[in-house]
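Convert by adding 29 to the 1-based position in the sequence shown; the result is the number in this note's numbering.
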Amino acid sequence: MNYNHKDIEAKWQKYWSENQTFKTENHSEKPKFYVLDMFPYPSGAGLHVGHPLGYIASDIFARYKRHKGFNVLHPQGYDSFGLPAEQYAIQTGQHPEKTTRENIARYREQLDKIGFSFDWSREVRTSNADYYKWTQWIFIQLFHSWYNNTTNKAEDIQTLVQHFEKSGTENLNVAQTEELHFTAEQWKNYSEEEKQNILLNYRLAFRAETTVNWCPALGTVLANDEVVNGVSERGGYPVFQKKMTQWSMRITAYSERLLQGLETVDWSESVKESQRNWIGKSKGASIKFKVLSSKSQDVEPETSNVEHITVFTTRPDTIFGVTYLTLAPEHELVLQITTEAQKQAVLDYIEATSKRSERDRMADTKTISGVFTGAYAEHPVTKRPVPIWIGDYVLAGYGTGAVMAVPAGDERDYAFAKHFAGAEGMPEIINIFDKDISQGAYTEKGGFKLQNSDFLNGMDYEEATEKIISELEKLGVGKSKVNYRQRDAIFSRQRYWGEPVPVYYKNGMPYTLPLSALPLELPEVEKYLPTEDGDPPLGNAKEYAWHEAEQKIVSADLIDNQSVFPLELSTMPGWAGSSWYWLRYMDAHNEKEFASQESLNYWQNVDLYIGGSEHATGHLLYSRFWNKFLKDRGFIQAEEPFQKMINQGMILGTSAFVYRLEGTNTFVSKGQIGDKKVQQIHADVSLVNASSELDIEGFKQWRPDFADAEFILENGIPLTPEGGTKGGNATNSSPSTGSKAPSPSERAGGEAYIVGHEVEKMSKSKYNVVNPDDICEQYGADTLRLYEMFLGPLEQAKPWNTAGITGVSGFLKKFYNLYFDGDAVFISDQEPTKEEYKILHTLIKKVEYDIENFSFNTSVSAFMIAVNELQKIKCNKRAILEPMAVLISPYAPHIAEELWEVLGHNESISRVPFPTFEEKYLVESTKEYPVSFNGKVRFKIELPLDMPNEEVEKIILADERTQAQLGGNPPKKIIVVKGKIVNVVV
């Protein structure tokens, strides 16, 4: 029977859609199972064959769980806000909503062609107002919450206000931006504006000045992962470090819980370790260095207007080795302590540092740069003056943005001190890096010789640390502290295409809109660039102000700061909508709440989450943070959002390269490069055949700058822009006129341009993408699904090779034809043989194990082996072929549905019980014994395994083949090794 994949797949995709086959109810007596793919961003490029890998794996598992009797939630939607759509809108003038809608339609078309069992009735889009209404609602809850370190959870901000009214800041253990102190009486006497400003110090969503990645060309703040080598990932524009007042999320309040929660989830150790490193927990001490006004060590120290600089160190036991302090260039005290003489040098250095991202500064361990501020601090123990420098290896956001430098105990501190040795403000350093830190770091000439560290002698690190912290506490200059590298997450973006922040400003203080005013919808603007005054794009909106009394949005022209107030003009970052989307899927169309308690209690959290490891820190940390917050406030029950997570590997593309001679437009075939200086350029893989030959005419038409290109072919003969060879060819060339370039099929030997190849990330920019639509068209979606799984282990990277897909396509045709004899259905109701049952149950056992362990590639191999064996014995038994159709259904659902119908069933195969493995069919009851005579095997005989040895001997002796070997003589001995061999000694 001809296997027509086009007709079969179109038929069943239509059936699933019309019958809503995969629609899931929130209430079922079946156990629940929630399978989720990481939120896709619908780019204009559409899907390539690398994108569906994780989706296919999650779909196999979702379908399998349905077969196993679970109520499966397997939804899909779109993370549809973001910078790419906005940049496209700026370039083309099209509204981002229009291009986003078109991109989503393209994605949906491609996804449907692959046959995913998504419950599309629950689709969400972060850019739809009915979705971001609840993103705004969560923001408001965060704004009106604080983190109580005593109860270790978020609480309503009113409980904090009550504490202030009763006790001020006394006995307050709270997550905060800076440590404040006031009494209850002072709190009561503060103005409304002062109170609101104080509360911003504690809110989980708050405004504060912070250092950001500012990209002037894009007119917005960028996240760290949007900056690569000091430029924006999108567009390659310069990015600068800049201090701005921004909305932030106090994720640092959850640092310890985020660490501890990793012990409760089933994730890869590499992802867990990435999160641990990002959070960066370290134990040490907070130490205060008093700031002095003197510029010289010989001048009696005097107190300056800045009281002290606080450092965090994991090695307080090295306090006596402190030679200098280094502050981050962005440290808030830098300009306050810098002397007039050093001011210009410091300003120049700050400007230069602003052009380097924090990621670059962290990664650069070789470059040494810094500037002396001219200021000094007092050593908290010895009371000696310590010079204060700034250096870009110190980051403002880590610890306190200041480090105590101990060249005798830290390699980088030593390199810094050695680099600046002899400069003003850098004492002479003794090279004692390999000596005991108690030796000190100053010479007698450069400062002092330490005499006070001997009380630490003989102690190990823990003892010395405990002792020195105790001494620092007695002096009132230090205390033990746990620090986290993680910083609060910046939440403002100076963009248009994002969720509006539901905040208005009254007397300079932020107030949230009432919940009844949600959603605050994204207004129309004439242009998507910042205003002439430098405001974000929302500053161009005409109807964008808040009338407090009338509780509605009004014209911005009416702003009077009396009754009509300005709204926040920044929008939320891309991660806002993706930090809670799995919860909305539980009750996607609820208009009264983000999800009903009933649905939240039923689904709890995601049982299986599949996505890329590139989200190991950002998305996963933000999601866990929001989930824990919502639990704290009593909105949900689960502490962790994703119980088990699998990171699929990347499908790599095989890129094609052409080689252009430097400074020319002449391309050299790979074999002719030699020692020539060439520029390697990506070529579109669609222009290259299976023999690595370039379609030269197609290449010239591909890009205008290649239209006049010349080529040196593999045989060394030049090819002119007109298409002729300059030196003639093997057939009919003419040296004077050249000849028409032969097509690849006409060329012989080296008369072709041969490209180079490299396996690398599949990407549109590398012109090596393979469109899944083309594969589905030529081979079918079931073939694509099976082949992507067949390529290798799910979590490993593997190269795509379209040539290998034909084997999988051929297998499906074989499988299909097991059910037919010619064009007729040929199914027998006879009882299968032992051999047939063995083949089936071997496959059931293997497939079930592989799916449970996400070893999908070996299942595909097992299917192929089983089909070959069944084909050899011409099996057509219903009792074998029915379960075979169910077994392959998760992998190749279209062909499975078709064959289920062929077998006479009317319902979808999708919820038919998974075949049950029975061990008895794999237990051997007989054994084919080799029978040897004096150690030489002469024949074989099949006997029951439970037959006594005496009976085996009788049967062997009675066999005519034995009699022929004995020649009428009795054997000396018969040795029976049960289940293995029979040896006759003659």
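Heads up, the beta-carbon is just placed ideally off N, CA and C, and yes, glycines get one too.
Remember, predicted model here, so these are calculated numbers, not experimental data.
Per DSSP, residue 270 is paired with what?
Paired residues: 242.
Using 8 Å as the Cβ pair cut-off and three pairs as the minimum, do the stretch 419 to 435 and the stretch 351 to 371 touch?
Contact holds: three or more Cβ-Cβ distances are below 8 Å.
Nearest CA to the CA of residue 887: which residue from 899, 898 and 872?
Checking every option, the nearest Cα to that of residue 887 belongs to 872.
Between residue 196 and residue 183, how many whole angstroms is the CB-CB distance? I'm expecting something under 8 Å.
With 8 Å as the limit, residue 196 and residue 183 do not qualify as a contact, their Cβ atoms being about 20 Å apart.
How about residue 558 and residue 598: do their beta carbons lie closer than 8 Å?
Not in contact: residue 558 and residue 598 (Cβ atoms no closer than 8 Å).
My output table needs one value for residue 792: the three-state DSSP class, helix, strand or coil.
DSSP places residue 792 in coil when its eight states are reduced to three.
So, with DSSP's three-state summary, where would you put residue 721?
Residue 721 falls in the coil class under three-state DSSP.
Count the other CB atoms, across all protein chains shown, that sit within 10 Å of the CB of residue 404; report buried if there are 16 or more and exposed otherwise.
Burial call: buried.
Leaving out the 5 sequence neighbours to the left and right, which residues in its chain are closer than 7 Å to residue 303 when beta-carbon positions are compared?
Around residue 303: 645 and 646.
Could you name the residues of the same chain whose beta carbon sits closer than 6 Å to that of residue 128, not counting the 5 residues immediately before and after it, in chain order?
Within the same chain, residue 128 has close Cβ partners 114 and 117.
Going by the CB atoms, is the gap between residue 294 and residue 671 shorter than 8 Å?
Yes, they are a contact pair.
Mapping the DSSP letters down to three states, classify residue 580 as helix, strand or coil.
Looking at residue 580 - three-state DSSP - the assignment turns out to be coil, as it is neither helix nor strand.
Return the bridge partner residues of residue 353 from the DSSP annotation.
Answer is 434, bridged to residue 353.
Which word fits residue 95, buried or exposed, when buried means at least 16 other C-beta atoms lie within 10 angstroms of its C-beta?
Burial call: buried.
Three or more C-beta pairs under 8 Å: does that hold for the stretch 946 to 958 against the stretch 912 to 929?
Flag = no, the stretch 946 to 958 and the stretch 912 to 929 do not touch.
Answer with buried or exposed for residue 730, where buried requires no fewer than 16 other C-beta atoms within 10 angstroms of its C-beta.
With fewer than 16 Cβ atoms within 10 Å of its Cβ, residue 730 is classed as exposed.
Check the DSSP bridge columns for residue 682 and list the partner residues they point to.
Answer by DSSP bridge pairing, in chain order: 789.
Which residue spans inside the stretch 533 to 573 form an unbroken beta strand (DSSP E) run of at least 3?
Listed in chain order, they are 538 to 541.
State yes or no: is the C-beta of residue 259 within less than 8 Å of the C-beta of residue 395?
Not closer than 8 Å, so no.
Can you name, in chain order, every residue of its own chain whose Cβ lies under 7 Å from the Cβ of residue 45, other than the five neighbours on each side?
Once the five neighbours on either side are set aside, the close Cβ partners of residue 45 are 51.
Taking buried to mean at least 16 other C-beta atoms within 10 Å of its own C-beta, is residue 338 buried or exposed?
By the 10 Å Cβ count, residue 338 comes out buried.
Would you mind sorting residue 618 into buried or exposed? The rule is 16 or more other CB atoms within 10 Å of its CB.
Exposed is the call here.
Give every residue of the same chain whose Cβ lies closer than 7 Å to the Cβ of residue 288, excluding the five residues on either side of it in the sequence, and list them in chain order.
Excluding positions up to five away in sequence, the list reads 305, 308 and 310.
Ordered along the chain, which non-local residues of its own chain (more than five positions away) have a Cβ less than 8 Å from that of residue 250?
Contacts found: 241, 242, 243, 244, 273, 275, 519, 521, 522 and 523.
Tell me the DSSP secondary structure of residue 275 in three-state form.
Looking at residue 275 - three-state DSSP - the assignment turns out to be strand.
Kindly confirm or deny that the stretch 155 to 175 and the stretch 227 to 236 touch, where touching means at least three C-beta pairs closer than 8 Å.
Enough Cβ pairs lie closer than 8 Å, so yes.
Could you give the first and the last residue of the continuous beta strand (DSSP E) run that contains residue 402?
First-last of the beta strand (DSSP E) with residue 402: 399 to 407.
Excluding the five sequence neighbours on either side, which residues of its own chain have a C-beta within less than 8 Å of the C-beta of residue 328, listed in chain order?
Summary for residue 328: the model assigns pLDDT 38, below 50, so the residue's position carries little reliability; its value from the coordinates is reported in the next sentence. The answer is none, since no qualifying residue turns up.
Report the start-end ranges of each alpha helix (DSSP H) in the stretch 479 to 514 that is 4 residues or longer and not cut off at the edges.
Here the runs fully enclosed are 490 to 504.
How big is the Cα-Cα spacing for residue 939 and residue 98?
For residue 939 and residue 98, the distance between alpha carbons rounds to 11 Å.
Name the DSSP bridge partner or partners of residue 414?
Answer is 407, bridged to residue 414.
Just checking, does the stretch 189 to 205 make contact with the stretch 505 to 519 on the three C-beta pairs under 8 Å criterion?
Taking 8 Å as the limit for Cβ pairs, the verdict is that the stretch 505 to 519 does not touch the stretch 189 to 205.
Spell out the partners DSSP gives residue 315 in its beta bridges.
Paired residue(s): 341 and 508.
Determine the closest residue to residue 1010 out of 977, 1000, 969 and 917, with distance taken between C-alpha atoms.
Comparing Cα-Cα distances from residue 1010 to each of 977, 1000, 969 and 917, the minimum goes to 969.
Excluding the 5 residues preceding and the 5 following residue 33 in the sequence, name in chain order all residues of the same chain whose CB lies nearer than 7 Å to its CB.
The answer is none, since no qualifying residue turns up.
Indicate the three-state DSSP secondary structure (helix, strand or coil) for residue 650 in the structure shown.
It is helical.
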